[in-house]
Amino acid sequence: MLIIAGTRIRREHALELVSMLTSAGFDRTARLLVRAITNGEEFVALTPDDRECILGVLDDPPIALSELRGALFGELNWQRSVGRPRYRR
253 MLIIAGTRIR
263 REHALELVSM
273 LTSAGFDRTA
283 RLLVRAITNG
293 EEFVALTPDD
303 RECILGVLDD
313 PPIALSELRG
323 ALFGELNWQR
333 SVGRPRYRR
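When you line the sequence shown up against this note's numbering, it's residues 253 to 341, in that order.
Spelled out as C-alpha cells, the structure:
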C-alpha cells in the first residue's frame, strides 16, 4: 500500500493510476510510482508537477482514487490561497 498526498492507495489502484499517467504521457510521474511500488516504499513524495499530472488524469476518477483527487485538489487550493496577498482595511 502506498501513501500519496496523505491518502492510502492499494497496490492495484496505484497500478491503475500508473496506467492512466502513462496513457496521458506523464511518464516521469508514472515511473516515480512504479519505482515506489517495486521498492516497497510506503510514502511517495510528489513534486508540484507530479501533483498536477495526477490531477490531470483524475478529472473523472474511479471511486478508489477519488479520495486522492480530493486530497491533491485541497493541497492545490491551499497553496494558491497562501500565495495571495492579504488585504488590509
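Glycine included, each C-beta is placed from N, C-alpha and C at the ideal position.
Taking the Cβ atom as the reference point for each residue, do ALA323 and THR259 lie within a distance shorter than 7 Å? As a first step, residue 323 is located in the sequence shown; it is residue number 71 there, counting from the start. As a first step, residue 259 is located in the sequence shown; it is residue number 7 there, counting from the start. Note that the C-beta distance between ALA323 and THR259 is below 7 Å.
Need the endpoints of the alpha helix (DSSP H) that THR281 sits in, please. Along the sequence shown, one-based indexing puts residue 281 at 29. From DSSP, the alpha helix (DSSP H) with THR281 extends over 279 to 290.
Give me whichever residues DSSP pairs with LEU273 in a beta bridge. Position 21 of the sequence shown, counted from the first residue, corresponds to residue 273. Answer is none; LEU273 lacks a bridge partner.
Would a C-beta distance cut-off of 7 Å place MET272 and ARG262 closer than the cut-off? As a working note, residue 272 is residue 20 in the sequence shown. As a working note, residue 262 is residue 10 in the sequence shown. Their beta carbons are not under 7 Å apart, which means MET272 does not touch ARG262 by this criterion.
Straight-line Cα distance separating ARG321 from ALA276: Residue mapping note: residue 276 aligns to position 24 of the sequence shown, counting from 1. Residue mapping note: residue 321 aligns to position 69 of the sequence shown, counting from 1. Taking the straight line joining both Cα atoms gives about 16 Å.
Should THR290 be labelled buried (16 or more other beta-carbon atoms within 10 Å of its own) or exposed? As a position in the sequence shown, residue 290 is number 38, starting the count at 1. So THR290 counts as exposed.
ALA297 and LEU285 - do their beta-carbons sit closer together than 7 Å? Taking the sequence shown and counting its residues from 1, the one referred to as residue 285 is at position 33. Taking the sequence shown and counting its residues from 1, the one referred to as residue 297 is at position 45. In this structure, ALA297 does not lie closer than 7 Å to LEU285 by Cβ.
Is DSSP giving LEU254 helix, strand or coil here? Position 2 of the sequence shown, counting from 1, holds the residue named residue 254. Of the three classes helix, strand and coil, the one that applies to LEU254 here is strand, per DSSP.
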